[in-house]
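Worksheet: one structure, shown below.
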């Protein structure tokens with residue numbers, strides 16, 4: 158039987174073509190054209206097969222901090238830089254940076270509260286609760302604004318989710334997005350630079366402490382926790398706890414200075430003491446010492462130039478691979494933040510390799526919970542987690558036991574005091590093979606004593 162369907166379809170197409178041709182310039186033709194036109198929203202938002210906009214894939218671009226980004230601005234350690242945009246401000250320099258982190262809002266907010274309060278920033282505005290908000294802080298010519306959205310984070314698909322809870326989509330975890338904006342007044346900055354240049358011309362680019370290796374007399378050790386007092390005294394005898402003359406108080410009626418044992422220790426002070434303590438305790442073992450960095454070497458960190466007073470100590474730790482830096486392959490650790498408070502997890506991360514003198518073991522949150530019993534083990538950074546586990550293997554000589562005693566909370570992000578840091582420096586070694594500051598004192602005294610030479614006996618030939 159003859160199939161009429163092809164003939165009917167061809168006839169229908171011919172009629173439709175004629176209709177469109179005849180109505181090309183009519184309102185009916187325009188209506189038909191609009192009905193068959195592509196959706197402009199779809200045309201402007203073409204997507205790839207994975208659902209992400211073309212040309213906006215985060216893997217195609219990598220944001221980097223500009224070279225002139227102020228080193229004094231605190232950067233949250235567990236955050237990723239997403240975008241950098243210049244700010245157009247008359248007579249000022251400024252930029253806006255966007256960041257993301259898997260940490261909750263309250264952790265980021267607590268970090269910036271601590272950083273601004275402990276580093277001489279004038280806080281003009283800050284959040285009133287732990288649900289996010291805006292910090293506005295000023296120091297000299299620099300004004301910084303940190304904006305943390307209130308209890309919300311945006312994932313790659315543009316959906317909003319709570320920052321402290323994982324995404325239920327199964328494709329991405331919730332993140333906290335925040336912005337750091339800074340403005341530096343050019344006139345004030347020029348005045349500050351002029352003052353810095355004149356002051357730097359009066360002193361050498363690097364001035365080692367005159368008291369390094371010499372016994373120190375601190376007048377306020379009675380304020381230190383009694384459990385830690387002896388550690389400080391032993392280290393002071395070795396002369397490793399050098400404090401900045403500008404930061405310590407000198408009593409005109411006494412021969413010593415104050416140690417301020419309960420003051421938060423900065424990262425630069427800890428680096429200085431770590432190198433000094435290791436080298437003094439191992440004074441007779443050159444193979445165990447940390448070699449000072451050359452004054453002509455390329456700085457490992459952008460914010461620790463060769464003119465920095467602690468350049469040699471910080472650079473030496475970086476070149477020895479004891480702290481994260483670009484030299485260890487950590488491309489994000491371009492800033493050392495020398496004046497930022499030292500946290501407990503960084504204290505352990507930097508010290509334990511000098512105890513074990515070998516690679517740190519693999520570690521997991523469960524392993525740390527089972528050994529130390531820390532309820533907050535999940536809050537420890539993965540790098541530091543390995544050092545925390547290795548420290549447990551040191552038994553009664555573990556740094557954490559010496560510093561904190563018994564505890565089920567490590568509080569990894571908590572700032573460390575000078576007294577706590579001193580307790581860690583008191584002993585270097587593992588598995589019972591090591592030296593304490595007290596033992597190093599004894600060795601130092603023995604080396605200082607003149608060797609006894611036998612007195613010659615009278616010649617027997619002279620006796621009659």
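Residue numbers (the numbering used here): 158 to 621. Every residue, glycine too, gets a C-beta built ideally from N, C-alpha and C. Fair warning: this is a prediction, and the values are worked out from it, not measured in the lab.
task = Identify which residue in 273, 269, 277, 274 has its Cα closest to the Cα of residue 289.
result = 269
query = Which parts of the stretch 432 to 498 are runs of the alpha helix (DSSP H), unbroken and 4 residues or longer, counting only runs that do not cross its ends?
reply = 468 to 476
request  = Identify, in the order they occur along the chain, each residue of the same chain with its Cβ nearer than 6 Å to the Cβ of residue 296, setting aside the five sequence neighbours on each side.
outcome  = 278
ask   = Distance, Cα to Cα, residue 589 vs residue 250?
value = 56 Å
Reduced DSSP category for residue 273 - H, G, I as helix; E, B as strand; rest coil = helix
request  = With a threshold of 16 other CB atoms inside 10 Å of the CB of residue 599, please say whether the residue is buried or exposed.
outcome  = exposed
query = Roughly how many whole angstroms lie between the Cα atoms of residue 591 and residue 272?
reply = 36 Å
query = Looking only at its own chain, which residues have a Cβ that is under 8 Å from the Cβ of residue 487, when we skip the five neighbours before and after it?
reply = 481
Span separating the alpha-carbon of residue 410 from that of residue 373 = Note that residue 410 scores a pLDDT of 42, beneath 50, so its modelled location is shaky and nothing firm can be said.
request  = Run the CB neighbour count on residue 471, radius 10 Å, all protein chains shown included, and call it buried at 16 or more, exposed below.
outcome  = buried
ask   = Exposed or buried, what is residue 535 when buried is set at 16 or more other beta-carbons lying within 10 Å of its beta-carbon?
value = exposed
key: Spatial distance of residue 558 from residue 587 (CA atoms)   = 14 Å
ask   = Which stretch, first to last residue, makes up the beta strand (DSSP E) that contains residue 503?
value = Not the beta strand (DSSP E): residue 503 falls in the alpha helix (DSSP H), residues 501 to 513.
request  = Taking the CB atoms as reference points, tell me whether residue 500 and residue 572 lie closer together than 8 Å.
outcome  = yes
message = DSSP three-state label for residue 223, please.
response = coil
key: Cβ-based neighbour list, residue 424, same chain, cut-off 7 Å, excluding 5 preceding and 5 following   = 493, 494, 495, 497, 499
inquiry  = Quick check: what's the CA-CA separation for residue 539 versus residue 281?
reply    = 35 Å
query = CA-CA distance, residue 510 and residue 244?
reply = 43 Å
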